[in-house]
Structure formats: C-alpha cells, structure tokens
Amino acid sequence: DQYVADDPKKWSKGKRPRLAQVGNDWKLTIDERKRILLTHMYGVDIDAQAVEVTKLSLLLKVLEGEDEQTISSQMALFQERVLPNLARNIKCGNSLIGSDFYEGQQLTLLDEEEMYRINVFDWDREFSEIIKVGGFDVVIGNPPWISLSGKFGNDIHSLSEMRYLIQRFQGNTYMPNMYEYFVAQGLNLTKHHGFFGFIVPDRLGFNDQFIQLRKRILTESEIRLLMYKAPFPNITADTLIFVFQKEEWGKNHLVSISEYGKPEMQRLQNELLEHPTYAFEYFEDVESMQIISRIESLPNIERIYDICDSTSGFGGKSTLIQKVQTSPEQIPALKGDSIRRYEIRDGYWFEFKKENITGRTTDRNKLGTSPKILLRKTGDRIIATYDNSGIFPEQSLYFLYNNRTQMDFRFLLGILNSRLLTYYYRAKSLTNKKSIAQVKKKDLDLLPIYFDNVKFPRSGQKRDGHTQCLPCL
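Residue numbers (my numbering): 189 to 661.
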C-alpha cells in the first residue's frame, strides 16, 4: 500500500523493481517479498518443528499468487534461487533463557540431554546487529499461557530454571506464569520508539501478581491499545490484546481501552499509573467511568482498609461441615448461603480441630470476634449482614472486624448493602460477568466509604429499622 500510494509506476522500474502490474492492480515482486522477508522478519521458537513450519509458511507467502512462468522469469532475470534461506532469520532456541544460565553450574557429559532440552539462546549473539542498535522496531506474538505453580501449575521448568526466570525478569514468586516473562522480554527487545503487541490472558490487566510488571509497562512505554475479550481460536479464557510504544509519554496521553465489539473509551495513562495496583481498568461505557470517577474524587472518601480489617473465614473439610449436629464437639458455623442482606439464616455445624482444618483463618479469637460484618464471597452484588454472636464464618464468607473509627458497624453495613456500593462494585470490580462472580479481597478493601460531616451513630444507639438514615444513598 505504501508503494501504491507513492506513484506505483516509479516503483515498477529499475534493475530490481518492487512492484509489478497485474491487470489494473499492483503487487509486490518476488524479489521485493524476499527483501522484506530477509531484512525485516525475525523469529525464535524453542520447538525445532515449529521453526521449520514457520519457515515454510513464510516461503509460501513469497510465492503466493505466482505461477511457473513468473517464477522462471524471476530466476532468469536475477540468476538466483527464488526461495531465500531463512536460517539467519528464524532460529531455534529458548527465548527466555540465555547462556548465563550455566554460570556457576558444573557441566558434565550427563548434562547433555538437559542442555538440549533447555536450549539456551543469546539474543546479543544471534541477532547482534539488531541488538546493537537498540532492538527490534516491532515485537509481536502469542506467548504460552502456562502457569508454573499452584493448582494448574506445570512442571516444564526445573527449580533452577524457575529461579533464573524470576531473578532475570523480576517476576512474582507467588504464581509465576510464562506469559509474564515473555511480556518482560518483549519490553527488553523493543527499541526506543518501537512497537510491542501481544495477546495474553486478561488477568495481566488487573491481577495482583502482575502489579510490578504493569508499573514497568506504564513507566517505560506509551500504551496505545488495550482490547479485552477478543475471541481467540480454542481459547475459553478472556483475552487482552495490547499495543505499547516504547517511549516517554506526556501527561495528556490518552489510552484507547475497549471490550471487543464495543465502543472504545479513552483514559489518561496517568490515571492508570495513579491506580493503587496500576490496574488497566476499563468500563462498559463512558457514563459508568464518569460516575466512578466522581465517587472516587470526593474529598472525604475512606477505603474499607482504612476503617477496619478484613479476612476470610476458616477452611474446613467440606464433608465435615454439616447441616445437622451429629456430635457435641461440633460448634455453629456459617457459610456463604447462610446469609442474606441484613439477616442470618440456617447455619452449619463443624468440629473445629486441627485435623479438620484445611487453611484460611484458623485463629479462634479472630473468627469469634464480635461484632463483625459478614459478606458473601460470590455474587454479582454485595450481600452483607451483621453478627454479634461470635459465630465462626467459613471460607465462603469474608468478615470485617477491628473497627478503628467512630462509625458503628451497623451503619457501615447499610452503606455496604446500598445500591450505590453495588453499582460501584459491578462497574469497577466485576470483570467476568459470564462466570460465577466473586468478590476479591483486594476489591473489598478498596470499596469507598464517604465520610461526610455527620455524627456517626455509635454502638448501642437505638435505630429505626436496619440502620439510621444514611447520607447520599
């Protein structure tokens, strides 16, 4: 298109024409396609078979639309083979692990198979001319979406490889994932003013494990595009397509953010940088964004974490949390389905002893604290109630305790159950409305509570109904 827009006849002349006319149309000559391929296209893959398939695909692209006659005339004109050798462009190796991996390690003949599997790759040596000038003009790809720990973890890397990756890319140690390292490497390989684009799971945009990576992206590059939930073949997870430009950005730079198939909106990159977790936030519509912005700009806003502490209930073996008491050692307990807004319904029974506990909060004093606010973890709205009985909540509930303000917990309960806070939660924190929604602790802690110049009711004051009159709700 660039040649066609710039006097195509000019580019169809000379010893090595770049365009050829076919009827009323123009197309790149085979020679020009080869030139573009050899001087502008590079790639690395750890799978040798994938490397060969990529080479073949690119070579077929060179011959696309050609016939035997045009190929023969090309060979006769330039006295050279039609298909180029791509060995210097498309290489086999480990994009993330360089030869410095072996520093300080003893290498023996027994390591040969392991060395073949790891297949270290040095970008500085293999693409020295490109790296010398600062890197690649454009980096694109679809990195592997592979978790390296936890419930869905894969053991494709040894412990020493994991340590190397975490140290080299300053990755998180809690739930490392391969695409995190590829994003960091992509930033390393993109030259100043260059462009970098990937398709990754949408979790990169808001999960806490990527806080430092998002901070690096926001400080080192100008974000051009964030598109969520674009469909991708054979993938059920929600996606994020991003395009960054490796350069300094001005305070007025606007980021284009959208959900696939929906109108885009624009946000100041500086707003993303000022977010507590550097989240790549997006909203379904401009109106929602404006309302949320108005709420958060109020001068007397406090967050839940400023007011009190929050945590999950105890984790117990599910078969031992029962509807009917079967032993005198069992104590009352509550699960998520035990509560509604402002009320506690049928509870459960559980024998609270070490061998029955699976984790979460195990401190009896904390679990039995009173008063506390109980909140259901699942649901597309906030469902909360008040408890002053000291009953133990199970892990399907959060609970708020240790009130550090003059605001009575029952007053706070009314705010949490309000339509305003539910609207805020749905617009700000509910990212996947198609699956079972879950309130995340980090989002709970960040819920805004407006402290107006009112005298908050203290514990023990009489109330009409559930709460006294609530301001602005």
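Glycine included, every Cβ here is placed at the ideal spot set by N, Cα and C. Keep in mind it's a predicted model, so treat the numbers as computed, not measured.
Decide if D652 is buried, meaning its Cβ has at least 16 other Cβ atoms within 10 Å, or exposed.
-> Within the sequence shown, the letter at position 464 stands for residue 652. Low confidence applies to D652: its pLDDT is 42, below 50, so where it sits in the model is not reliable, and the reading given next is rough at best. Exposed, by the Cβ-count rule.
DSSP three-state call for D426: helix, strand or coil?
-> As a first step, residue 426 is located in the sequence shown; it is residue number 238 there, counting from the start. Three-state DSSP puts D426 in coil, outside helix and strand.
Beta strand (DSSP E) runs wholly inside the stretch 283-340, at least 3 long, in chain order | Listed in chain order, they are 324-329.
Is the distance from the Cβ of A467 to the Cβ of F394 below 8 Å?
-> Numbered from its first residue, the sequence shown carries residue 467 at position 279. Numbered from its first residue, the sequence shown carries residue 394 at position 206. In this structure, F394 lies closer than 8 Å to A467 by Cβ.
Applying the criterion that 16 or more other CB atoms from any shown protein chain within 10 Å of the CB defines a buried residue, is G449 buried or exposed?
-> Translated into the one-based positions of the sequence shown, residue 449 becomes position 261. Per the 10 Å Cβ criterion, exposed.
Going by alpha carbons, who is nearest to D494 out of N591, H228, M477 and R221?
-> Locating residue 494 in the sequence shown gives position 306, counting from the first residue. Answer by Cα proximity: N591.
Nearest-angstrom Cα separation, counted from F471 out to S444 | Residue mapping note: residue 444 aligns to position 256 of the sequence shown, counting from 1. Residue mapping note: residue 471 aligns to position 283 of the sequence shown, counting from 1. Here the alpha carbon of S444 sits roughly 12 Å from the alpha carbon of F471.
Tell whether a beta-carbon distance below 8 Å holds between V431 and R412.
-> For the purposes of this step, residue 431 is taken as residue 243 along the sequence shown, with counting starting at 1. For the purposes of this step, residue 412 is taken as residue 224 along the sequence shown, with counting starting at 1. Yes.
Residue burial classification, S287 (beta-carbon count within 10 angstroms, cutoff 16) | Along the sequence shown, one-based indexing puts residue 287 at 99. Exposed, because fewer than 16 other Cβ atoms sit within 10 Å of the Cβ of S287.
Return helix, strand or coil for F471, following the three-state DSSP convention.
-> Along the sequence shown, one-based indexing puts residue 471 at 283. Here F471 sits in coil by DSSP.
Give me whichever residues DSSP pairs with I519 in a beta bridge.
-> Start at 1 with the first residue of the sequence shown, and residue 519 comes out as number 331. In DSSP, I519 forms a bridge with F538.
Sequence-distant residues of the same chain with beta carbon closer than 7 Å to M670, five excluded per side | Here the chain comprises residues numbered 189 to 661, so residue 670 is not present and cannot be evaluated.
Terminal residues of the alpha helix (DSSP H) in which Y612 lies | Residue numbering aside, residue 612 sits at position 424 when the sequence shown is read from its first letter. From DSSP, the alpha helix (DSSP H) with Y612 extends over R607 to K616.
What are the boundary residues of the alpha helix (DSSP H) that K439 is part of?
-> Residue numbering aside, residue 439 sits at position 251 when the sequence shown is read from its first letter. Note, K439: premise wrong, no alpha helix (DSSP H); not H, not E.
Hey, could you find the ends of the beta strand (DSSP E) T566 is sitting in?
-> Counting from one through the sequence shown, the residue named residue 566 turns up at place 378. It is not in any beta strand (DSSP E) - T566 carries neither H nor E in the DSSP assignment.
How about G253 and T242: are their beta carbons less than 8 Å apart?
-> What you label residue 253 is simply residue 65 of the sequence shown in a count that begins at 1. What you label residue 242 is simply residue 54 of the sequence shown in a count that begins at 1. Cβ atoms of G253 and T242: not closer than 8 Å.
For C280: DSSP bridge partner residues = Residue 280 sits at position 92 when you count from the first residue of the sequence shown. According to DSSP, C280 bridges with D233.
If we cut at 8 Å on Cβ distances, does Y416 have a partner in chain D?
-> The chain inventory of the structure shown lacks chain D, comprising one protein chain alone.
Where does E240 fall in DSSP's three states?
-> By 1-based counting over the sequence shown, the position of residue 240 is 52. Looking at E240 - three-state DSSP - the assignment turns out to be helix.
Cutoff 7 Å; reference N282; Cβ partners in own chain excluding five residues on either side = Taking the sequence shown and counting its residues from 1, the one referred to as residue 282 is at position 94. Cβ within range, chain order: I234, I306, N307, V308 and F309.
Check whether the Cβ atoms of L522 and I579 sit closer than 8 Å, and answer yes or no.
-> Counting from 1 along the sequence shown, the entry for residue 522 is found at position 334. Counting from 1 along the sequence shown, the entry for residue 579 is found at position 391. Yes, these two residues count as a Cβ contact at 8 Å.
Residues near E435 in its chain [Cβ-Cβ closer than 8 Å; skip 5 each side] = Against the sequence shown, residue 435 aligns to sequence position 247. Around E435: H380, H381, S409 and E410.
Kindly indicate the opening and closing residues of the beta strand (DSSP E) around R391.
-> Residue numbering aside, residue 391 sits at position 203 when the sequence shown is read from its first letter. Element bounds for R391: n/a, residue is neither H nor E.
List the endpoints of the continuous alpha helix (DSSP H) containing G374.
-> Walking along the sequence shown from the start, residue 374 turns up at place 186. Looking at the DSSP string, the run of the alpha helix (DSSP H) that includes G374 is M366 to L377.
Where L563 and K616 are concerned, what is the direct C-alpha to C-alpha distance, given to the nearest angstrom?
-> Position 375 of the sequence shown holds residue 563. Position 428 of the sequence shown holds residue 616. Their backbone Cα atoms lie some 18 Å apart in a straight line.
If we ignore side chains and look at the alpha-carbon of each, how far apart do L225 and S245 end up?
-> Locating residue 225 in the sequence shown gives position 37, counting from the first residue. Locating residue 245 in the sequence shown gives position 57, counting from the first residue. The straight-line gap from Cα to Cα measures roughly 12 Å.
Using three-state DSSP, classify K511 as helix, strand or coil.
-> Position 323 of the sequence shown, counting from 1, holds the residue named residue 511. If DSSP states are grouped into helix, strand and coil, K511 belongs with coil.
C-beta contact flag for I571 and L600 at 8 Å | As a first step, residue 571 is located in the sequence shown; it is residue number 383 there, counting from the start. As a first step, residue 600 is located in the sequence shown; it is residue number 412 there, counting from the start. No, Cβ-Cβ distance for I571 and L600 is not below 8 Å.
Cβ shell of T465 (< 8 Å), same chain only, five flanking positions each side left out | Taking the first residue of the sequence shown as 1, we reach residue 465 at position 277. Only F394, D396, I399, R402 and K630 meet the Cβ criterion.
Kindly identify the DSSP beta-bridge partner or partners of Q454.
-> Here the question's residue 454 lines up with position 266 in the sequence shown. Beta-bridge pairing links Q454 to S444.
Best match in D568, Y530, M366 and R204 for proximity to Y613 [C-alpha to C-alpha] | Numbered from 1 along the sequence shown, position 425 holds the residue referred to as residue 613. Taking only the C-alpha atoms, the option nearest Y613 is D568.
When DSSP builds the beta bridges, which residues end up paired with G504?
-> Position 316 of the sequence shown holds residue 504. The beta-bridge partner set that DSSP reports for G504 consists of I545.
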